[in-house]
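Peer 1: Once you know that position 66 of the sequence shown is 66 in our numbering, the rest is easy, because the numbers rise by one and skip nothing.
Yeah, the Cβ is synthetic: ideal placement off N, Cα and C, and Gly gets one too.
Note that the structure is a prediction, hence the values are computed from the model and not measured.
Have a look at this one.
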Amino acid sequence: MQICKFPRQLFFGQILLVYYCQMMHFRKILNIVFISGLWTASLATNLLAQNPARMYEEAIEAFNAQNTEQGFAKLDVLLQKYPEYEDALYARSYYLVEQGYFREALGDYHRLLALRPEEADLFVYRGQAYMALALPAEAEQDFLYAWQLDSTSLEANLALGTFYLWMELYADAPVYFENALRHHPQAHEANYYLALLYFLEEKHEAAFAKINQYLIAIPEDLEGHRLKVRILLGQRRFLSALDVYKNLEKIDTLQFAEDDFLYWGQAYYFLKMGRCSVLSRVARKTSSSRTVVLSWQNLFSAQ
1 MQICKFPRQL
11 FFGQILLVYY
21 CQMMHFRKIL
31 NIVFISGLWT
41 ASLATNLLAQ
51 NPARMYEEAI
61 EAFNAQNTEQ
71 GFAKLDVLLQ
81 KYPEYEDALY
91 ARSYYLVEQG
101 YFREALGDYH
111 RLLALRPEEA
121 DLFVYRGQAY
131 MALALPAEAE
141 QDFLYAWQLD
151 STSLEANLAL
161 GTFYLWMELY
171 ADAPVYFENA
181 LRHHPQAHEA
191 NYYLALLYFL
201 EEKHEAAFAK
211 INQYLIAIPE
221 DLEGHRLKVR
231 ILLGQRRFLS
241 ALDVYKNLEK
251 IDTLQFAEDD
261 FLYWGQAYYF
271 LKMGRCSVLS
281 RVARKTSSSR
291 TVVLSWQNLF
301 SAQ
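This is the structure in structure tokens:
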């Protein structure tokens, strides 16, 4: 769904409407609306609702301006008058998910699927909402149905692969990632998920090959480098793990996470190098450094 920006001015339309009403001798109606204090909002809504495309554009402009309350209000009014306006349903479901209102988004997905029952990606989106609501059975059903509708769909294959990865059903996941790559060679995220899957299965050589493929395509992704370090630690290639972080340190704009210092510290620890320097680095660069330092002190004392 493409969301376009088309600037519109509401005030000019209000003036035209009031002028028209006056010319048509509807002064009594205008007086009633004035008295209620709602004439501007109601007349503007009526004017916009007569042109759903304009109302839709106004709603998207509100979202783009970070005025989500107004954006939702406009979409609600539009969908009350035009309940099958697909762009509005897509937009509202998108912004509901973005705001974390997954249960509310389900209603729009139900309505969209009633209008487009053969659209595979819609089943994926609804399945993702079910996942966010911790309803895995419903999510799997939607993902599988999406895949049955279109087994070449990138969204459906990635959804099923990550679903089985999340459910720790590792044997069921690879076929969908491989299918995604077969039909979409540029779907580099599938290589990342395969690397993670093989790492969790302790198939370190296969994991290393896949993460390298991923990082060749997307070398700037910190998550990819972080997974590579974990794989190298699993292979007991501690110097190589340290080299990854040394190269990343050269990127001034990079922000390391707490986990990075833990993996970094592991590599130093198992090489019996620089324990104190690692702990001081953690203390300087993480907000919850005391927790991290204590965890490493406990680890050292346990060895």
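Using 8 Å as the cut-off, can you tell me whether the region 117-136 makes contact with the region 88-108, which would need three or more C-beta pairs spanning the two stretches below that distance?
Peer 2: yes
Peer 1: Apart from the five residues just before and just after Ala207, which ones in its own chain have a Cβ nearer than 7 Å to its Cβ?
Peer 2: So the qualifying residues of the chain are Ala195, Tyr198, Phe199 and Ile231.
Peer 1: Just the C-alpha distance for Tyr95 and Leu115, rounded to the nearest angstrom, thanks.
Peer 2: Distance between the alpha carbons of Tyr95 and Leu115 is about 20 Å.
Peer 1: Compute the Euclidean distance between the alpha carbons of Leu254 and Gly224, then round it to the nearest angstrom.
Peer 2: 14 Å
Peer 1: Could you tell me which whole alpha helix (DSSP H) segments of length 4 or greater appear in the region 217-251?
Peer 2: 222-234 and 238-249
Peer 1: Can you say whether Leu236 is buried or exposed, counting buried as having 16 or more other CB atoms within 10 angstroms of its CB?
Peer 2: The question names Leu, but residue 236 is Arg in the sequence shown. Exposed, by the Cβ-count rule.
Peer 1: Counting pairs of Cβ atoms below 8 Å between the region 84-93 and the region 53-71, do you hit three or more?
Peer 2: yes
Peer 1: Taking the alpha-carbon positions, what's the Tyr120 to Ala146 distance?
Peer 2: In the sequence under discussion, the amino acid at residue 120 is Ala, which differs from the Tyr named in the question. Taking the straight line from one Cα to the other gives about 4 Å.
Peer 1: Checking 8 Å against the spacing of the C-beta atoms, do Glu118 and Leu149 come in under that value?
Peer 2: yes
Peer 1: Under 8 Å, do Gly127 and Ala139 count as touching if we go by C-beta distance?
Peer 2: For Gly127 and Ala139, yes; Cβs fall inside 8 Å.
Peer 1: Measure the alpha-carbon distance for Tyr263 versus Asn247 and round it to whole angstroms.
Peer 2: Going by the C-alpha atoms only, they are around 15 Å apart.
Peer 1: With DSSP run on the structure shown, which of helix, strand or coil describes Lys81?
Peer 2: Residue state, collapsed to three classes: helix.
Peer 1: Suppose the cutoff is 6 Å on Cβ atoms and the five residues either side in sequence are ignored; what does the same chain contact list for Ala241 look like?
Peer 2: Val229, Leu232, Leu233 and Ala267
Peer 1: Can the beta-carbon of Thr152 be found closer than 8 Å to that of His183?
Peer 2: Going by C-beta atoms, Thr152 is nearer than 8 Å to His183.
Peer 1: Could you give the DSSP three-state label for Glu201: helix, strand or coil?
Peer 2: coil
Peer 1: Do you know how far the Cα of Phe270 is from the Cα of Leu122?
Peer 2: 48 Å
Peer 1: Quick one: grab the DSSP three-state call for Ser72.
Peer 2: Sequence inspection shows Phe at residue 72; the Ser mentioned does not correspond to that position. In the three-state DSSP reduction, Phe72 falls in the helix class (H, G or I).
Peer 1: Can the beta-carbon of Ala180 be found less than 8 Å from the beta-carbon of Asn157?
Peer 2: yes
Peer 1: With distances taken Cα to Cα, identify the nearest neighbour of Leu215 among Gly71, His188 and Glu205.
Peer 2: His188
Peer 1: Output needed for Leu154: all residues of its chain with C-beta closer than 6 Å, excluding positions within five of it in sequence on either side, in chain order.
Peer 2: Ala180, His184 and Ala187
Peer 1: When DSSP labels each residue in this structure, what does Gly127 get in the three-state scheme?
Peer 2: helix
Peer 1: Contact criterion: CB-CB distance below 8 Å. Does Leu122 meet it with respect to chain C?
Peer 2: Of the protein chains in the structure, only one exists, and it is not chain C.
Peer 1: Closer than 6 Å by C-beta to Ala129: which residues in its own chain qualify, once you throw out the five before and the five after it? Chain order, please.
Peer 2: Phe102, Ala105 and Leu106
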